[in-house]
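S.K.: Heads up, the sequence shown is in UniProt numbering, so the first residue is 1 and it goes up one at a time.
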Amino acid sequence: EHSMVGTSKALEEIRRQRGWSVRELNEELERRKRVLEFMLSNGIRTFKDVSAVIHTYQVNPERAMKYLGVEEL
Numbered sequence: 001e002h003s004m005v006g007t008s009k010a011l012e013e014i015r016r017q018r019g020w021s022v023r024e025l026n027e028e029l030e031r032r033k034r035v036l037e038f039m040l041s042n043g044i045r046t047f048k049d050v051s052a053v054i055h056t057y058q059v060n061p062e063r064a065m066k067y068l069g070v071e072e073l
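This is how it looks when you write it as C-alpha cells:
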C-alpha cells in the first residue's frame, strides 16, 4: 500500500486548477483508488477494458462507481 507523506506539486496544481479544496482532492484520489482496486480484483487488465472503465469514470464518476458496485465515500 502507498501513502502520501508530503504535498505533491502536481496534485496541488490540479487542485488549484479545478478549484477543489484539499478535502475534495483527497476524496477524488480515494474514489480513483477504489476504481483501480476494483479493476485489479476483477482481472480488468487489457488496454481496451481499462480504458473503457477510465472513460466511463471520466464522463460520470458517480454513475461509474454505482455501475461498478464500488462503494461511494
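All C-beta atoms, glycine included, are put in the ideal place defined by N, C-alpha and C.
Identify the continuous alpha helix (DSSP H) that holds residue 44 and give its terminal residues.
M.R.: Counting from one through the sequence shown, the residue named residue 44 turns up at place 44. From DSSP, residue 44 is part of no alpha helix (DSSP H); its letter is neither H nor E.
S.K.: For the alpha helix (DSSP H) containing residue 12, list its first residue and its last residue.
M.R.: Taking the sequence shown and counting its residues from 1, the one referred to as residue 12 is at position 12. From DSSP, the alpha helix (DSSP H) with residue 12 extends over 9-18.
S.K.: DSSP on residue 60, reduced to helix/strand/coil?
M.R.: Reading the sequence shown from its first residue, position 60 is the one you call residue 60. Here residue 60 sits in coil by DSSP.
S.K.: Alpha carbon to alpha carbon, how far is residue 57 from residue 22? Give it in angstroms, no decimals.
M.R.: Mapped onto the sequence shown, residue 22 falls at position 22. Mapped onto the sequence shown, residue 57 falls at position 57. If I take the Cα positions, the gap works out to 21 Å.
S.K.: In whole angstroms, what is the alpha-carbon distance linking residue 55 and residue 16?
M.R.: On the sequence shown, position 55 is the one that residue 55 refers to. On the sequence shown, position 16 is the one that residue 16 refers to. One C-alpha to the other measures close to 23 Å.
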